[in-house]
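Those letters in the sequence shown? Residues 2 to 242, per this note's numbering, in order. For every residue, glycine included, the Cβ atom is placed at its ideal position computed from N, Cα and C. Note that the structure is a prediction, hence the values are computed from the model and not measured. Step one of this worksheet: look at the structure below.
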Amino acid sequence: MSATFRVSRFKSGDVEPHFEDFEIEVESGATLLDALLQIRRRDPSLVLRHSCKHASCGACGMRANGREVLACDTKVAKLHASRPITVEPLAGRHTLADLATDMTDFHARMDAVGMPLVRTAETAADVVPPEGIKAFARFENCIECGLCLSACPIAKLDGEYIGPATLAAAERVVEEPRGRDLGPVLALAAEPDSVWRCRDAMECTAVCPAAVDPAGALFRLRRRVATDGLRKLFRRGVGPG
Ligand code: SF4
Ligand code: FES
């Protein structure tokens, strides 16, 4: 199958990005990442991130035909209806080069929330583990791909907004605190650029490839922050209680 990829190009020193077209033959079943790696063999200066190639590491987030996708989990055939296929970096982030964006602040915010990476509360009860292993636990859903941040209309315009993934991670900590003091996480959620900044567009949940449902988590966290705020008011004797 022949396909044309209109790829966003940007290098340090460029005033703004520009598109460059590549027409290549791709195998049926090829992913967008396969196609981009094929293009990179033709033009080794193309910069993009990838690692696992199976939708687990979150490195290959980008936009294809204007929509946030994991390149390794998106079939070219699915994108081919629109010609050429436009490929751009995630929105609302500083582009380092071509399809690679600077995710430093995003990862720093995720680290600050401190969501454990493994869900100790959930084990694969129906799987018999090999000898010497008690039970299988599973990783948290979020793969920190940043697709939700790119799709969020608020995060795109306001770099101060904490964003859906970080708030979903905060909600996981609140849901499963494992003895942690929830004060700092709830204080973060109550900040002006946090849960109250969201305008319920739901784009984050629509694009999330890992079934996190960041919007749902954010709404639950919002309720918790509101309840906490009311409790504090009542304790100070402001409310009817
Ligand atoms: S919440 Fe979903 S879209 Fe957002 S970073 Fe995590 S996995 Fe990616
Ligand atoms: S390469 Fe790891 S998620 Fe795509």
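*asked:* For residue 96, which residues in the same chain have their Cβ closer than 6 Å to its Cβ, ignoring the five residues on either side in sequence?
replied: Walking along the sequence shown from the start, residue 96 turns up at place 95. Scanning its chain for C-beta atoms nearer than 6 Å, with the 5 sequence neighbours on each side dropped, one finds around residue 96 the residues 11, 90 and 102, in chain order.
*asked:* So, with DSSP's three-state summary, where would you put residue 99?
replied: Residue numbering aside, residue 99 sits at position 98 when the sequence shown is read from its first letter. Correct three-state label for residue 99: coil.
*Could you give the residue range of the alpha helix (DSSP H) that holds residue 108?*
For this step, residue 108 is matched to residue 107 along the sequence shown. Going by DSSP, residue 108 is part of the alpha helix (DSSP H) stretching over 105-114.
_Within 8 Å, strictly: CB atoms of residue 75 and residue 110_ = To locate residue 75, count along the sequence shown from 1; it is residue 74. To locate residue 110, count along the sequence shown from 1; it is residue 109. No. Outside cutoff.
*asked:* If distances are taken between C-alpha atoms only, which option among 159, 84 and 15 comes closest to residue 198?
replied: Taking the sequence shown and counting its residues from 1, one reaches residue 198 at position 197. Closest option to residue 198, judged by alpha-carbon separation, among 159, 84 and 15: 159.
_Please return the same chain residues whose Cβ sits closer than 6 Å to the Cβ of residue 238, not counting the five positions on each side in sequence._
By one-based count along the sequence shown, residue 238 stands at place 237. Within the same chain, no residue comes within 6 Å of residue 238 by CB-CB distance, once the 5 residues on both sides are set aside.
*At which residue ranges does the segment 106-168 contain complete beta strand (DSSP E) runs of 3 or more residues, listed in the order of the chain?*
Counting whole runs of 3 or more residues, the segment 106-168 contains the beta strand (DSSP E) stretches 119-124 and 138-140.
*Can at least three beta-carbon pairs, one atom from the segment 46-58 and one from the segment 124-135, be found at a separation below 8 Å?*
Contact between the segment 46-58 and the segment 124-135 is absent: fewer than three C-beta pairs spanning the two stretches fall below 8 Å.
*asked:* I'd like the span of the beta strand (DSSP E) that includes residue 23, first residue to last.
replied: Looking up residue 23 in the sequence shown gives position 22. Its beta strand (DSSP E) spans residues 19-26.
_Rounding to the nearest angstrom, what Cα-Cα distance links residue 71 and residue 150 in this structure?_
Along the sequence shown, one-based indexing puts residue 71 at 70. Along the sequence shown, one-based indexing puts residue 150 at 149. Rounded to the nearest angstrom, the gap between the Cα atoms of residue 71 and residue 150 is 13 Å.
*DSSP on residue 231, reduced to helix/strand/coil?*
The residue labelled residue 231 in the question sits at position 230 within the sequence shown. Judged by DSSP in its simplified three-state form, residue 231 adopts helix.
_For residue 206, report the span of its beta strand (DSSP E) as first-last._
Within the sequence shown, the letter at position 205 stands for residue 206. Per DSSP, residue 206 lies in no beta strand (DSSP E); the unbroken alpha helix (DSSP H) holding it starts and ends at 204-208.
*Locate the beta strand (DSSP E) running through residue 47, then write down its first and last residues.*
Indexing the sequence shown from 1 puts residue 47 at position 46. That residue, residue 47, is in no beta strand (DSSP E); it is neither H nor E in DSSP.
*Answer yes or no: do residue 114 and residue 186 have a C-beta to C-beta separation smaller than 8 Å?*
As a first step, residue 114 must be located in the sequence shown, where it is residue number 113. As a first step, residue 186 must be located in the sequence shown, where it is residue number 185. Yes, the Cβ-Cβ distance between residue 114 and residue 186 is below 8 Å.
*Tell me the DSSP bridge mates of residue 71?*
Against the sequence shown, residue 71 aligns to sequence position 70. Residue 71 is bridged by DSSP to 62.
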